[in-house]
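These protein sequence lines are chains A and B, in that order. Going by the numbering used here, the first residue of the first sequence is number 305, and it counts up by one from there. Going by the numbering used here, the first residue of the second sequence is number 416, and it counts up by one from there. Structure, as structure tokens:
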Amino acid sequence: MHVSITPEIITNLLGIPISNTLIASLIATAILVVIAYFATRDMKEVPTGIQNLFEIIIEALFNMVDSVTGDRKQTYQFFPLVATIFIFIILSNWLGLVPGFGSLGFYETAKEGVHGNGHAVFVPLLRSANSDLNTTLALAVVSVMATQIFGIMALGVLKYGKKFINFSSPITFFVGILELVSEVAKMVSFSFRLFGNVFAGEVLLVVIMTLAPFIAPLPFFGLELFVGFVQALVFAMLTLVFLKMAVTAH
Amino acid sequence: MPEIFTKLGIDYKLIIAQAVNFILLLVILQRLAYKPVLKMLKERTDKIDKSIKQAQKIEEELKNTEEMKIAEIKKGKEEYQKTTKKAQEIAERKSQEAMERTRIKTQEIVENAKMEIRNEKEKSVKDAKKEIADISILIAKKIIGNNLNEKEQKKIADDVLRKI
Numbered sequence: 305m306h307v308s309i310t311p312e313i314i315t316n317l318l319g320i321p322i323s324n325t326l327i328a329s330l331i332a333t334a335i336l337v338v339i340a341y342f343a344t345r346d347m348k349e350v351p352t353g354i355q356n357l358f359e360i361i362i363e364a365l366f367n368m369v370d371s372v373t374g375d376r377k378q379t380y381q382f383f384p385l386v387a388t389i390f391i392f393i394i395l396s397n398w399l400g401l402v403p404g405f406g407s408l409g410f411y412e413t414a415k416e417g418v419h420g421n422g423h424a425v426f427v428p429l430l431r432s433a434n435s436d437l438n439t440t441l442a443l444a445v446v447s448v449m450a451t452q453i454f455g456i457m458a459l460g461v462l463k464y465g466k467k468f469i470n471f472s473s474p475i476t477f478f479v480g481i482l483e484l485v486s487e488v489a490k491m492v493s494f495s496f497r498l499f500g501n502v503f504a505g506e507v508l509l510v511v512i513m514t515l516a517p518f519i520a521p522l523p524f525f526g527l528e529l530f531v532g533f534v535q536a537l538v539f540a541m542l543t544l545v546f547l548k549m550a551v552t553a554h
Numbered sequence: 416m417p418e419i420f421t422k423l424g425i426d427y428k429l430i431i432a433q434a435v436n437f438i439l440l441l442v443i444l445q446r447l448a449y450k451p452v453l454k455m456l457k458e459r460t461d462k463i464d465k466s467i468k469q470a471q472k473i474e475e476e477l478k479n480t481e482e483m484k485i486a487e488i489k490k491g492k493e494e495y496q497k498t499t500k501k502a503q504e505i506a507e508r509k510s511q512e513a514m515e516r517t518r519i520k521t522q523e524i525v526e527n528a529k530m531e532i533r534n535e536k537e538k539s540v541k542d543a544k545k546e547i548a549d550i551s552i553l554i555a556k557k558i559i560g561n562n563l564n565e566k567e568q569k570k571i572a573d574d575v576l577r578k579i
């Protein structure tokens with residue numbers, strides 16, 4: 305039994321390494337796009353089926369964002385990012401629990417690297433997208449970048465920059481430096497929290513399934529479903545709060 | 416530092432790929448899902464809001480109409496009562512007047528009749544008196560013979576008439 309912390313590279317495409325987590329991300333994206341297309345293809349005044357489901361999800365998220373911002377204009381600004389983060393993360397996490405993820409794959413004789421001992425290693429074709437630090441880091445970078453962009457848009461470059469670089473007094477200067485560090489810390493905490501939770505879940509499931517393959521993993525699957533939801537909510541909510549803080553003048 | 420990155424499997428190409436993927440998803444979902452659904456939700460909210468307001472307005476109007484109706488009915492009733500009372504009064508007055516007139520006319524007729532009766536009576540008495548006088552003279556003539564002058568005739572007649 306071996307659980308690799310790094311994603312496995314399946315192939316290279318135009319110089320971009322295609323990892324199994326990237327494939328999982330693409331699958332999640334494709335599923336969302338297809339569902340969104342069918343949900344909104346023929347919008348009806350009285351919603352039915354998939355349109356209804358979509359409306360419920362979007363309305364719930366919209367109300368959540370609205371309750372935090374308390375301002376309709378800001379809600380419309382932040383909503384797409386927050387909602388996409390939530391939906392993408394929760395779908396990725398839950399997709400990772402689908403049979404086939406981590407179990408479908410092939411054996412490869414590694415030549416070099418961390419597991420390169422000359423013997424065949426199992427390479428899963430699919431792997432929960434957020435059990436790869438690259439995915440979570442990408443989300444964190446997008447989230448923090450968006451925070452900066454919205455902050456600048458709301459306050460202007462000078463006023464927003466004053467948060468970080470301020471020479472009016474030694475205290476504000478020091479606080480500015482702290483703010484700067486905290487932005488980096490945000491990225492790290494965002495990415496490692498999500499990565500840690502999902503990766504730990506994967507490892508936990510693998511361990512339980514090796515110990516007792518039947519019935520015993522069931523409660524853990526339930527737990528992982530819950531963790532997947534909570535982590536998506538945490539990521540989205542934190543992004544939302546940071547956005548709100550960024551657009552609020554001090 | 417780079418060693419940590421490789422150990423954690425961090426690859427800037429993968430990060431960029433994931434970020435691009437995510438941003439693409441964001442844009443597509445914004446176009447495909449959030450915009451139309453939020454628009455639909457807003458429209459529905461507006462519609463419901465409008466409907467409720469309209470219903471309230473209609474209800475209010477209905478209430479007003481009801482009140483107006485009741486007031487109208489009340490007014491009509493009062494009017495009716497007033498008119499009826501007035502009509503009754505007029506009728507009463509008219510009937511009283513008619514009765515008064517009838518009474519007067521009756522009285523008149525009775526009076527006239529009385530007068531006529533009296534006249535008739537007087538006339539018949541006078542006639543009877545004259546007849547009686549004539550008869551008396553005739554009787555006297557028969558008894559006494561036809562030689563009675565005019566003076567005597569008169570005297571007899573007067574006597575008879577007085578005695579009657």
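Cβ atoms here follow ideal geometry from the backbone N, Cα and C, with glycine treated the same way. From a predicted model like this one, the values you see are computed outputs, not experimental measurements.
Proximity below 9 Å, CB of residue i to CB of residue j
i, j, result
"residue 396/A", "residue 432/A", "yes"
"residue 311/A", "residue 429/B", "yes"
"residue 358/A", "residue 344/A", "yes"
"residue 535/A", "residue 498/A", "yes"
"residue 385/A", "residue 522/A", "no"
"residue 437/A", "residue 495/A", "yes"
"residue 526/A", "residue 435/A", "no"
"residue 551/A", "residue 459/A", "yes"
"residue 388/A", "residue 437/B", "yes"
"residue 477/A", "residue 381/A", "no"
"residue 558/B", "residue 575/B", "no"
"residue 403/A", "residue 324/A", "no"
"residue 331/A", "residue 443/A", "no"
"residue 440/B", "residue 342/A", "no"
"residue 554/B", "residue 568/B", "no"
"residue 432/B", "residue 326/A", "yes"
"residue 580/B", "residue 347/A", "Absent from the model: residue 580/B. The displayed extent of chain B is 416 to 579, so no value can be given."
"residue 333/A", "residue 322/A", "no"
"residue 441/A", "residue 408/A", "no"
"residue 372/A", "residue 537/A", "no"
"residue 447/B", "residue 309/A", "no"
Residue i versus the options, residue with shortest Cα-Cα distance
i, options, result
"residue 510/A", "379/A, 361/A, 406/A", "406/A"
"residue 542/A", "491/A, 336/A, 476/A, 485/A", "491/A"
"residue 501/A", "382/A, 533/A, 327/A", "533/A"
"residue 351/A", "470/B, 467/B, 451/B, 471/B", "451/B"
"residue 401/A", "548/A, 524/A, 551/A", "524/A"
"residue 340/A", "362/A, 319/A, 329/A, 488/A", "362/A"
"residue 444/B", "378/A, 326/A, 390/A", "390/A"
"residue 639/B", "354/A, 430/A, 445/A", "As shown, chain B starts at 416 and ends at 579. That puts residue 639/B outside it, with no answer to give."
"residue 486/A", "538/A, 503/A, 467/A", "467/A"
"residue 427/B", "439/A, 538/A, 469/A, 450/A", "439/A"
"residue 528/A", "503/A, 489/A, 464/A, 481/A", "503/A"
"residue 578/B", "544/B, 566/B, 565/B, 564/B", "544/B"
"residue 313/A", "515/A, 465/A, 425/A", "425/A"
N- and C-terminal bounds of the beta strand (DSSP E) containing residue i
i, result
"residue 427/A", "424-428"
"residue 556/A", "Residue 556/A cannot be examined here, being either before or after the span of chain A that is shown, 305 to 554."
"residue 435/A", "Looking at the DSSP string, residue 435/A is not in any beta strand (DSSP E), and its letter there is neither H nor E."
"residue 247/A", "Coverage of chain A is limited to positions 305 through 554, which leaves residue 247/A absent and any answer about it impossible."
"residue 323/A", "320-323"
Identity of the residues DSSP links to residue i by a beta bridge
i, result
"residue 353/A", "Per DSSP, none; premise fails for residue 353/A."
"residue 412/A", "425/A"
Opening and closing residue of the alpha helix (DSSP H) in which residue i lies
i, result
"residue 384/B", "Outside the displayed span of chain B (416 to 579) sits residue 384/B, for which this structure offers no information."
"residue 510/B", "450-559"
"residue 397/A", "376-399"
"residue 532/A", "521-551"
"residue 436/B", "427-444"
"residue 417/B", "417-422"
"residue 462/A", "461-465"
CB contact check: residue i to chain D, cutoff 9 Å
i, result
"residue 479/B", "You won't find chain D in this structure, because its protein chains are A and B."
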